[in-house]
Amino acid sequence: MEKKDLYEILGVSKTATQDEIKSAFRKLAKEYHPDMHKNEQDKKKAEEKFKEIASAYKILSDPEQRERYDRYGWDALKTPAGSGYSEGFDFDSIFNFDMGDIFSDFSDIFGDFLGFESQKGRARGKKRKGSDIRYDIEIDFFEAVFGAKKVIEIKRKESCINCNGSGLKPGSKMKVCSTCGGHGKVRQSQGFFTIVTTCPKCHGQGEFPEQICPECKGEGVQNKKRKIEIKIPAGIENESYIKLENEGNEGSSGYKGDLYVVIHIKEHPFFKRQGDDVIINLPVTIGQAVLGDEIEVPTIYGLEKIKIPNGIQNGEIITLKNKGFQKPYSSSKGAMHLVVNIEIPKNPNSKLKELFNQVKNVETENDYFSVKEFNKIKENFKKGEKNG
Numbered sequence: 342m343e344k345k346d347l348y349e350i351l352g353v354s355k356t357a358t359q360d361e362i363k364s365a366f367r368k369l370a371k372e373y374h375p376d377m378h379k380n381e382q383d384k385k386k387a388e389e390k391f392k393e394i395a396s397a398y399k400i401l402s403d404p405e406q407r408e409r410y411d412r413y414g415w416d417a418l419k420t421p422a423g424s425g426y427s428e429g430f431d432f433d434s435i436f437n438f439d440m441g442d443i444f445s446d447f448s449d450i451f452g453d454f455l456g457f458e459s460q461k462g463r464a465r466g467k468k469r470k471g472s473d474i475r476y477d478i479e480i481d482f483f484e485a486v487f488g489a490k491k492v493i494e495i496k497r498k499e500s501c502i503n504c505n506g507s508g509l510k511p512g513s514k515m516k517v518c519s520t521c522g523g524h525g526k527v528r529q530s531q532g533f534f535t536i537v538t539t540c541p542k543c544h545g546q547g548e549f550p551e552q553i554c555p556e557c558k559g560e561g562v563q564n565k566k567r568k569i570e571i572k573i574p575a576g577i578e579n580e581s582y583i584k585l586e587n588e589g590n591e592g593s594s595g596y597k598g599d600l601y602v603v604i605h606i607k608e609h610p611f612f613k614r615q616g617d618d619v620i621i622n623l624p625v626t627i628g629q630a631v632l633g634d635e636i637e638v639p640t641i642y643g644l645e646k647i648k649i650p651n652g653i654q655n656g657e658i659i660t661l662k663n664k665g666f667q668k669p670y671s672s673s674k675g676a677m678h679l680v681v682n683i684e685i686p687k688n689p690n691s692k693l694k695e696l697f698n699q700v701k702n703v704e705t706e707n708d709y710f711s712v713k714e715f716n717k718i719k720e721n722f723k724k725g726e727k728n729g
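If you use the numbering used here, the sequence shown corresponds to residues 342 to 729, in order.
This is the structure in structure tokens:
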């Protein structure tokens with residue numbers, strides 16, 4: 342089976358919030374639900390597509406599974422238990438579960454548009470989790486190297502102090518919603534099936550306040566600014582996120598969403614990052630390349646002495662172990678790779694020219710492998726011209 346990207350299946354970005362992922366799934370589920378297709382061939386294709394998007398949603402809606410997938414990709418979902426980062430989740434098998442299992446797993450989502458009503462009873466009094474919040478923050482290169490603490494200010498919904506989150510004007514009571522009769526949902530018949538939607542008046546609660554709180558307009562929550570300290574771990578990667586549980590918007594009964602802090606790392610003019618490794622271009626003189634040398638080079642942890650071996654070629658790489666980024670959730674580090682760039686002097690002084698003339702007089706093509714091979718090719722061309 343082709344291993345498609347889970348975010349691509351749902352049509353969302355890697356940094357999408359849980360609300361965005363759920364919204365994308367709902368939209369696709371409506372489009373590809375088998376009951377929406379009468380033709381048997383179309384129904385079968387829709388069922389396969391439906392399984393695919395349901396599988397993607399099942400993983401990406403679970404923060405732990407999503408984090409493993411973001412960091413390690415498909416391998417994280419296939420690795421047996423006890424390997425360090427996976428818990429034995431077999432992604433391939435998820436495509437084989439029964440359609441009835443899908444309906445059971447996602448009945449709360451399907452209930453809004455396909456007539457599947459939860460067996461948990463009426464919606465009245467249901468505790469609803471608040472929505473998640475996304476916050477983007479930019480850090481510099483070395484804050485990603487060593488980690489950092491940052492204080493951010495967010496705006497979020499919190500329980501109204503005046504009504505204690507009830508949405509009621511103090512002293513008033515709740516009454517049964519006249520639109521849904523206390524069920525929290527309303528039904529509409531369209532063709533051969535019934536559509537069940539959340540009641541627009543009571544928003545699924547089944548009850549309606551006699552008088553709403555004047556401070557929060559009956560919402561039970563108000564926008565508040567809050568400063569939160571976040572800890573950025575050493576070695577964090579660009580566009581990864583930090584999840585802070587219960588720091589999102591507050592929903593009914595005090596249930597809060599989560600805060601997702603998306604990290605953006607500024608590029609460094611000298612050091613380039615590649616995974617956990619660091620890459621730099623190392624300028625080397627002709628003399629150093631021919632004779633070798635011992636020099637100091639900058640690393641992300643300070644200066645380091647290295648040896649340039651004699652006869653090193655342009656483009657060769659010198660690798661320094663444990664001089665890269667710390668690997669997340671590990672004490673080991675990546676490497677630093679120095680790409681040799683042999684530099685030719687643009688305006689050599691007269692003495693240097695004299696010395697290079699002396700070198701030119703004593704060097705032969707046997708001293709240069711590529712020159713020797715090039716001359717062989719040139720000779721073959723000359724022979725070809727004579728024969729022609």
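Beta carbons: idealized from backbone N, C-alpha and C, even for Gly.
Just so it is clear, the structure is predicted and the values come from calculations on it, not from any experiment.
Might you give, ordered along the chain, the residues of its own chain that have their beta carbon closer than 7 angstroms to the beta carbon of residue i, omitting 5 neighbours on each side?
i: ARG463; result: Note that ARG463 scores a pLDDT of 42, beneath 50, so its modelled location is shaky; the value from the coordinates is reported in the next line. Closer than 7 angstroms at Cβ, skipping near neighbours: GLY523, HIS524, GLY525 and GLY547.
i: LEU632; result: ASN651
i: LYS461; result: Bear in mind that a pLDDT of 40 at LYS461, under 50, signals an unreliable position, so the number given afterwards is only what the model happens to contain. None.
i: GLY616; result: GLY675
i: ASN707; result: LYS713
Can you find the residues in the same chain that come closer than 6 angstroms, C-beta to C-beta, to residue i, ignoring five residues on each side of it along the sequence?
i: ALA357; result: none
i: LEU730; result: Outside the shown range of the chain, which is 342 to 729, sits residue 730, and nothing can be said about it.
i: LYS390; result: TYR373
i: GLY352; result: ALA365
i: CYS521; result: VAL527 and CYS540
i: LYS399; result: none
Would you mind reading off the limits of the beta strand (DSSP E) that contains residue i?
i: PRO669; result: That residue, PRO669, is in no beta strand (DSSP E); it is neither H nor E in DSSP.
i: GLN629; result: Here GLN629 belongs to no beta strand (DSSP E); instead the alpha helix (DSSP H) covers 627-632.
i: HIS605; result: 600-606
i: THR660; result: 658-661
i: ASN564; result: 562-573
i: GLU548; result: 548-550
So, helix, strand or coil for residue i, using DSSP?
i: LYS542; result: coil
i: PHE697; result: helix
i: GLN460; result: Low confidence applies to GLN460: its pLDDT is 37, below 50, so where it sits in the model is not reliable enough to give any reading.
i: PRO404; result: helix
i: ALA808; result: Here the chain covers residues 342 to 729 and nothing more, so residue 808 does not appear.
i: GLY441; result: Residue placement at GLY441 is flagged as unreliable, the pLDDT there being 42, under the threshold of 50; a coordinate-derived value is accordingly withheld.
i: ILE362; result: helix
i: GLN382; result: helix
i: PHE715; result: helix
i: PHE611; result: coil
i: GLY595; result: helix
i: ASP477; result: strand
i: ILE495; result: strand
i: SER691; result: helix
i: GLU704; result: coil
i: ASN721; result: helix
i: GLU394; result: What sits at residue 394 in the sequence shown is Ile, not Glu. It is helical.
i: LYS584; result: strand
i: GLU645; result: strand
i: LYS371; result: helix
i: ASP411; result: helix
i: LYS516; result: strand
i: GLY452; result: Annotation note: pLDDT 47 at GLY452 (below 50); position unreliable, no value reported.
Got a sec? Which residues, its chain only, sit under 8 angstroms from residue i by beta carbon, not counting five neighbours each side?
i: LYS470; result: GLY592, TYR596, LYS597 and GLY598
i: LYS565; result: LYS496, ARG497, LYS498 and GLU499
i: VAL517; result: GLY523, GLY547, GLU548 and PHE549
i: LEU623; result: VAL638, ILE659, LEU679, VAL680, VAL681 and ASN682
i: PHE697; result: PRO689
i: ASN711; result: Looking at the sequence itself, residue 711 is Ser, so the reference to Asn does not match. Correct list: empty, nothing qualifies.
i: LYS613; result: VAL619, ILE620 and ILE621
i: LYS687; result: none
Residue range of the alpha helix (DSSP H) that residue i falls in?
i: PRO686; result: Here PRO686 belongs to no alpha helix (DSSP H), and DSSP marks it neither H nor E.
i: PHE482; result: 482-487
i: LEU347; result: 347-351
Pick out whichever of the options has its Cα sitting closest to the Cα of residue i.
i: ILE649; options: ILE685, SER513, PRO574 and ILE659; result: ILE659
i: TYR577; options: TYR670, LYS646 and GLY589; result: Position check: residue 577 holds Ile in this sequence, whereas Tyr was assumed. Comparing Cα positions, the closest option is TYR670.
i: GLU563; options: ILE569, PRO555 and GLU570; result: Contrary to the premise, residue 563 reads as Gln rather than Glu in this sequence. It is PRO555 whose Cα lies nearest to the Cα of GLN563.
i: ASP481; options: LYS490, ASN380, LYS687 and ARG475; result: LYS490
i: ILE627; options: ARG407, GLY545, ASP403 and LEU693; result: LEU693
i: GLU349; options: LYS384, ALA387 and SER396; result: SER396
i: VAL602; options: LEU585, PHE611 and ARG614; result: LEU585
i: ASP473; options: GLN359, LEU644 and GLN552; result: GLN359
i: GLU684; options: SER673, CYS540 and GLN654; result: GLN654
i: ASN587; options: SER581, LEU600 and ILE636; result: LEU600
i: GLU645; options: GLU657, GLY665 and GLY656; result: GLY665
i: SER519; options: GLU494, PRO511 and GLU551; result: GLU551
i: LYS368; options: CYS543, ILE394 and LYS345; result: ILE394
i: GLU580; options: ILE553, SER354 and GLU695; result: SER354
i: SER673; options: ASP346, ILE636 and ALA575; result: ALA575
i: ILE478; options: ILE553, TYR582 and ASN716; result: TYR582
i: ASN663; options: ASP383, ILE641 and GLY656; result: ILE641
For chain C, is any of its Cβ atoms less than 7 angstroms away from the one on residue i?
i: GLU580; result: Of the protein chains in the structure, only one exists, and it is not chain C.
> Can at least three beta-carbon pairs, one atom from the stretch 503-511 and one from the stretch 626-641, be found at a separation below 8 angstroms?
Replying inline: no
> Counting Cβ pairs, one atom from each stretch, are 3 or more of them under 8 angstroms apart for the stretch 508-515 and the stretch 606-621?
Replying inline: no
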